[in-house]
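Undergrad: Using our numbering, the letters of the sequence shown correspond one by one to residues 1 to 194. One structure, pasted below without further comment.
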Amino acid sequence: MKSFLGVVDLDKREDILQAALELFAERGYHGTAVSLIAEKAKVGSGTIYRYFQDKEQLVNELYRYWKTEVAKAVKEDLADNLPLRTLFHETWSRWVEFAMKNRAAYSFLIAHHHAPYLDQASVAINEKIHGEYRIFFEIGRQEQIIKDINPELIMAIVTGIFSEMMREYWAGHLQLTPELIDQAEEACWHAIRR
1 MKSFLGVVDL
11 DKREDILQAA
21 LELFAERGYH
31 GTAVSLIAEK
41 AKVGSGTIYR
51 YFQDKEQLVN
61 ELYRYWKTEV
71 AKAVKEDLAD
81 NLPLRTLFHE
91 TWSRWVEFAM
101 KNRAAYSFLI
111 AHHHAPYLDQ
121 ASVAINEKIH
131 GEYRIFFEIG
141 RQEQIIKDIN
151 PELIMAIVTG
161 IFSEMMREYW
171 AGHLQLTPEL
181 IDQAEEACWH
191 AIRR
């Protein structure tokens, strides 16, 4: 989108995205009015519409960006020839690191994971990324390392434990020490392994 004299003001766009991320993570999609995003980004409400068609486009752009970022952070330089248990540990550790560094982004992803306003592109990215994890768990089932249950259920168990651990940490009810993070990972692994 172009602004005055045909120059794109990327800083304003980034300010809008950052403000929207924080507000969507804190207040949810329906609790976040465009006027609140504009106020937090220190722009006029009309300015938002110069960059985004509507609030739905804004939430989808954020969702696709952060879903891709967490997948990159977890998989980057991760050798896929490692034993399954080692891969699980590495994935868990990287997932924790990402969530700790990007609280608003991870909270946002949790809150909007199955939202009805996610467009086809967002759903496709989510399906692609989750498909890769399903393959991981399916290999574990075939090798009789992971329980013989539906990979979707396995993913729900793992993501449920992880997401609730992070929520408890962010709420101040849980102190995430390295020992506690390892205990949570081990409990999660025991929940899905044979």
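From the three backbone atoms N, C-alpha and C, an ideal C-beta is built for every residue, glycine too. None of the values given here were measured: they were computed from a predicted structure.
For my contact list, A99 and M166 are in at a C-beta cut-off of 8 Å; report their separation, rounded to the angstrom.
TA: The Cβ separation is near 5 Å, so the contact holds.
Undergrad: Write down the C-beta distance between Y117 and E56 rounded to the nearest angstrom, noting that I regard them as a contact closer than 8 Å.
TA: 5 Å
Undergrad: Go through its chain and collect everything with a Cβ distance to I145's Cβ below 8 Å, but skip five positions before and after it.
TA: L84, R85, R193, R194
Undergrad: CA-CA distance, Y133 and F108?
TA: 20 Å
Undergrad: Going by alpha carbons, who is nearest to K12 out of V70, A41, E168?
TA: A41
Undergrad: Helix, strand or coil, according to DSSP, for R194 in the structure here?
TA: coil
Undergrad: Rank E90, I154, D119 by C-alpha distance to the C-alpha of I181 and give the top, closest one.
TA: Residue E90 is the option with its Cα nearest to I181.
Undergrad: Take the Cβ of E185 as the centre, count every other Cβ of all protein chains shown within 10 Å, and call the residue buried at 16 or more, exposed below.
TA: Buried, since its Cβ has 16 or more Cβ neighbours within 10 Å.
Undergrad: Among the residues of its own chain, which have a CB less than 7 Å from the CB of A104, if the five just before and after it don't count?
TA: L21, E22, A25
Undergrad: Quick one: is V7 buried, meaning 16 or more other Cβ sit within 10 Å of its Cβ, or exposed?
TA: Low confidence applies here, because V7 scores a pLDDT of 48, under 50, leaving its location unreliable; read the following figure in that light. A residue is called buried once 16 or more other Cβ atoms fall within 10 Å of its Cβ, and V7, having fewer, is exposed.
Undergrad: Using the Cα positions of L78 and G44, report the straight-line distance between them to the nearest angstrom.
TA: 43 Å
Undergrad: I need the boundaries of the alpha helix (DSSP H) containing P151, first residue and last residue.
TA: Counted as a single uninterrupted DSSP element, the alpha helix (DSSP H) harbouring P151 occupies residues 151-170.
Undergrad: Would you kindly check if the distance between the Cβ of A38 and the Cβ of I48 is under 8 Å?
TA: yes
Undergrad: Considering only DSSP beta bridges, list what I146 is partnered with.
TA: R193
Undergrad: For L87 versus L17, is the C-beta spacing smaller than 8 Å?
TA: no
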